[in-house]
Amino acid sequence: MRVEGSEIVVVPHTHWDREWYLPFQRFRLRLVSLLDAVIDRMEADPRWHFTLDGQMAAVDDYLEIRPERRDRLAALVREGRLAVGPWQILHDEFLCSGENIVRNLELGMRRAEEFGAAMMVGYLPDQFGHCAQMPQILRLAGIEHACVWRGVPGRVRTCAFAWEAPDGTAIRTQYLPEGGYGNAASMFEEIGEPGGAGDGASLLPGRVAGFAEAMGRWYPHGGPLLAMYGADHTAPAADLADRIAAEGLGMRLDTLAGYFAERTPSTDGLPHVRGELRSHARANILPGVLSARIRLKELMGRAERLVERYAEPLTALWYAGDAQRFLDLAWRRLIEASCHDSVTGCGCDETAEQVAAHMAEGEQLGRAVCDLVTAERAASVPLGAHLVFNPTPARRTGLVTLDIPSDGEPGLVSGDGRPVPVQTLAVAPTVLDDSVHPAAELPVVLERVYGRVLFGQEIRDWSVSRDDRVLTFRVTARAGVPFDIGDVREALRGAEGEWRVRILADPRRTVAALVEVPPLGLAAVGPDAAARMLDGPVSAGPDVLDNGLLRAEVHADGTLGLRTPSGHVVEGVGRIVDGGDHGDTYNYAPPAADRIVGDPATVDARPVLDGPLAGAVDIVRTYRWPCRGDLDAGERSAAEEDVTVTTRAELRAGEPFLRLRVAFDNRCEDHRVRLHMSLPRRADASYAEGQFAITERGPAAEGGFGERPVPTFPASGFVAAGGLAVLLKHATEYEVTGGGREMALTLLRAVGHLSRDRNAYRDQPAGPQLPTPGAQCRGERTAEMAVMPYDGGLPGPDVLRAAEEYRHDLLTAAGYGHATAPLPPSREGIAITGDGVVTTSLRARDGWTEARVVAECAEPATAVLRGDFTEAVRVDLRGRPGIPLDVHEGTATLSLRPWEIATVRLRTA
């Protein structure tokens with residue numbers, strides 16, 4: 001029997017969640033067994049084709065256990081019967097940086113090509129929505145087709161549509177209707193079992209006919225129907241090829257790459273969808289993953305920044321050695337942690353712990369590389385002085401915290417001879433220990449010395465007075481002088497009686513210093529008693545902070561009011577609101593009878609820093625939060641916990657924003673805590689930065705499937721609405737509430753199940769109903785952000801500049817050169833400027849210095865690159881050269897379309 005209509009192309013595959021409701025190693029054991037069988041069948045039967053889920057991680061994980069099968073697997077790839085890549089892992093597009101997405105694609109394509117070929121399809125089968133710039137990212141890598149399931153809006157009624165990035169780049173995109181990546185998963189089950197058309201009769205013809213009828217309405221112009229035969233962690237039927245051949249139903253086996261090889265990449269005549277795909281109309285997008293286990297989002301953001309914006313630029317510009325293997329390993333960890341069941345936090349507790357460890361490894365590798373480079377450069381900075389690195393590609397002046405020798409009022413000077421403004425934060429004690437010991441205990445006392453370190457500092461001098469029976473150690477932060485504990489033991493030989501042991505530290509202060517540093521460059525600052533003390537602009541009182549650019553006042557309820565000299569006024573900043581959450585790691589769901597706690601029981605404002613460079617106040621509020629949720633009764637418990645929430649508000653010299661740090665000990669369960677900001681004016685839209693774009697969103701989300709379309713959305717660099725921008729350090733969930741009059745940012749969402757079978761905001765389970773006590777996020781919780789009034793509408797260069805500087809503090813390293821050596825002068829790296837131009841990466845690659853920039857603006861922009869280079873060329877995301885740029889006296893200009901991503905390679909002749 002042959003089903004009337006188009007041919008059906010059956011794509012056998014498995015969707016492989018690398019780690020999820022089971023940890024990685026337990027899933028990998030299943031993967032090895034599955035691929036052993038698949039490879040054996042493919043070698044035995046040339047009709048077989050298989051698609052390995054679009055991610056190379058499955059290949060690498062398999063070959064780590066079966067290295068002897070590499071050549072066999074590669075032979076199947078070269079034959080075109082096994083499709084691998086183009087991704088390294090199937091990531092979550094909103095919970096990692098745009099740069100992480102690019103490196104994921106870069107690594108996956110390179111690894112796939114090592115086996116023969118990468119599948120040139122942007123296969124995105126299970127991501128919880130898709131970021132706006134994905135079409136441009138794919139096209140810049142040479143990929144002309146995308147394939148998606150979740151997030152497609154209701155107006156798409158065909159199997160293909162033109163998905164358009166903000167810059168206008170469009171890509172032909174295949175929608176996977178009627179079940180997503182498993183739309184044919186049940187087609188070949190129970191063939192020939194009793195209960196069909198008759199005992200022993202095949203059920204396949206009827207199922208194929210039903211499939212063709214259901215899918216046919218999505219193919220108005222005909223063409224082969226795409227049947228995705230696979231599901232989570234499953235293998236295809238062993239006799240699949242025989243069944244298809246025997247039935248004669250107009251079906252054939254192929255890979256996903258083979259299916260798209262026969263499709264034209266043209267988008268002519270297709271319905272257009274512009275920007276991100278976050279609709280709930282046709283599939284669940286599970287938005288609660290944005291705020292589940294929020295610590296993972298913090299770890300990811302911190303590690304990405306350290307590797308992208310510190311370790312890579314430092315090695316590219318200021319290191320003569322080779323640290324690339326360390327950087328590659330760091331990226332491997334961060335890419336793998338970006339998986340849509342990893343950084344999302346929607347796995348079991350064991351998985352979350354392992355993901356956190358991988359993120360920590362990525363950060364540690366990045367920090368180690370930074371230490372390596374700055375240590376090399378700090379060798380030319382005298383002892384007691386400091387090296388400062390600017391990760392921003394524009395000249396800036398920023399506050400750094402330094403520990404400096406100082407016997408009186410501190411004075412600092414730069415390597416260029418300019419006085420540096422200073423504010424004392426703390427004065428270290430000079431007497432670290434003064435105690436009396438019997439002579440017999442002196443050998444034990446000397447065991448405190450580790451090498452030449454004593455009480456955390458290095459010994460620079462010591463003395464023994466036998467007449468007074470006094471042993472004195474003088475220590476300093478870094479001595480750089482020879483020391484042998486054996487000399488001390490020899491000097492104490494034969495000691496008797498009671499001995500006084502003193503450990504004296506050189507006078508030191510911890511100071512905040514306002515340092516000017518060239519773009520992506522280095523500066524040095526050191527103590528100078530003759531340096532002229534400079535005043536700073538920051539003043540602080542018990543409940544008022546002012547830096548000349550912004551004034552913050554603490555109100556009686558603990559919220560803040562902000563005012564700028566230009567007349568911007570914002571009230572009600574920093575309200576803490578606690579509510580119940582009877583959802584799970586995938587979807588927030590309030591109790592049927594929720595109890596909201598927004599009013600503090602007590603409020604106390606405590607001054608912390610009083611200027612002149614930084615002023616801060618701690619706002620301490622106490623609340624009574626319900627202890628837990630009663631999931632059966634649909635309400636919160638009557639029992640309550642006393643919770644103290646401390647919000648530190650800080651203004652720094654030269655910064656047009658107020659820094660906030662919120663801290664509390666979470667001792668409650670089944671709840672959500674949000675930080676609310678009143679908006680200066682009603683907002684009809686919000687603007688969220690992330691993944692190479694600023695995305696405009698309305699006040700509501702499109703629904704239509706089995707999930708409540710809650711208007712909570714992701715933001716990475718900042719979110720802005722109604723004249724207020726909130727600057728962020730990691731991916732954060734936000735919502736514009738109160739009829740557009742308020743913004744709420746999620747600080748914590750504490751839930752007890754991976755997925756709940758009964759979730760009021762989702763009709764169907766999203767996974768197994770497993771307890772996840774770790775997702776209750778008990779313990780200390782700290783969140784940081786900054787608030788900045790602005791003119792409103794689409795944020796412009798002022799907000800972009802502020803977000804860049806807030807996220808990327810200056811980096812310091814202590815000098816350890818000769819104490820009398822002069823301070824080295826400032827050195828400039830590469831400057832990249834332009835209104836609306838954002839730099840996302842600068843690294844060494846293939847003998848070049850490669851920079852990536854984005855025009856995050858609605859108008860054409862010009863990027864100006866300046867540095868010690870004589871050659872410049874545009875390249876694509878794979879490094880393939882394109883248009884050369886004119887270079888004149890170390891300067892090149894680059895014209896950019898609105899929202900265009902551009903990669904440029906620079907080289908000195």
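The sequence shown maps to residues 1 to 909 in full-length UniProt numbering. Each residue gets a CB set at the ideal place from its N, CA and C atoms; glycine is no exception. Model, not experiment: these values are computed from the prediction.
query, result
"Reference Pro393; option with closest CA among Ala851, His280, Ala831", "Ala831"
"Leu306 to Ala731 span [Cα, whole Å]", "15 Å"
"Ranges of the beta strand (DSSP E) found wholly within the stretch 666-719, counting only runs of at least 3", "671-678, 686-690, 693-697, 713-715"
"Contacts around residue 986, its chain only, beta-carbon distance under 8 Å, and the 5 residues preceding and following it disregarded", "One cannot answer for residue 986 here, as it falls past the ends of the chain, which runs 1 to 909."
"Integer Cβ distance of Pro527 from Leu387, believed to fall under 8 Å", "Wrong, their Cβ atoms sit about 14 Å apart, outside the cutoff."
"Own chain partners of Gly122 with C-beta closer than 6 Å, once the 5 adjacent residues on each side are dropped", "Leu138, Ile143, Ala146"
"Straight-line gap, Arg852 to Ala721 (C-alpha atoms, nearest Å)", "28 Å"
"Segment contact, 8 Å Cβ cut-off, at least three pairs: the stretch 708-716 with the stretch 146-157", "no"
"Short Cβ contact (9 Å threshold) for Ala379 with Tyr816", "yes"
"Which of helix, strand or coil DSSP assigns to Gln136", "helix"
"Bridge-paired residues (DSSP) for Thr644", "Thr622"
"6 Å Cβ shell around Arg28 - same chain, five flanking residues per side excluded", "Asp61"
"The stretch 456-464 / the stretch 478-490 touching (three or more Cβ pairs under 8 Å)", "yes"
"Beta-carbon separation (whole angstroms), Thr782 vs Arg661, contact threshold 8 Å", "7 Å"
"For Ala491, the residue or residues it bridges with in DSSP", "BP columns for Ala491 are empty, so no partner."
"Contiguous beta strand (DSSP E) assignments of at least 3 residues, all confined to the stretch 23-91", "none"
"At least three beta-carbon pairs within less than 8 Å, the stretch 176-189 to the stretch 217-234", "yes"
"Leu107 beta carbon less than 9 Å from that of Arg332", "yes"
"Residue(s) in a DSSP beta bridge with Glu871", "Arg907"
"With 16 other Cβ atoms within 10 Å as the buried cut-off, status of Arg81", "buried"
"Where the alpha helix (DSSP H) through Met300 begins and ends", "294-306"
"Straight-line Cα distance separating Arg801 from Arg659", "15 Å"
"Spatial distance of His340 from Leu105 (CA atoms)", "15 Å"
"Residue from Gly98, Gly654, Trp848, Asp868 whose Cα sits closest to the Cα of Ile901", "Gly98"
"Burial state of Asp578 (16 or more Cβ within 10 Å)", "buried"
"Where the beta strand (DSSP E) containing Asp604 begins and where it ends", "602-610"
"Bounding residues of the beta strand (DSSP E) (the contiguous stretch that carries Glu113)", "From DSSP, Glu113 is part of no beta strand (DSSP E) but of the alpha helix (DSSP H) over 98-114."
"Cβ-Cβ distance between Gly321 and Leu277 below 9 Å", "no"
"Contact between the stretch 733-740 and the stretch 258-270 (3+ Cβ pairs under 8 Å)", "no"
"Helix, strand or coil at Ile8 according to DSSP, with G and I counted as helix", "strand"
"Segment contact, 8 Å Cβ cut-off, at least three pairs: the stretch 52-59 with the stretch 112-121", "yes"
"Reduced DSSP secondary structure (H/G/I, E/B, other) of Met120", "coil"
"Three-state secondary structure (DSSP) of His437", "strand"
"Among Gly654, Arg636, Arg624, Ala649, the one whose alpha carbon lies nearest that of Asp642", "Arg624"
"For Pro271, the three-state DSSP class (helix, strand or coil)", "coil"
"Rounded separation between Thr564 and Pro825 - CA only", "36 Å"
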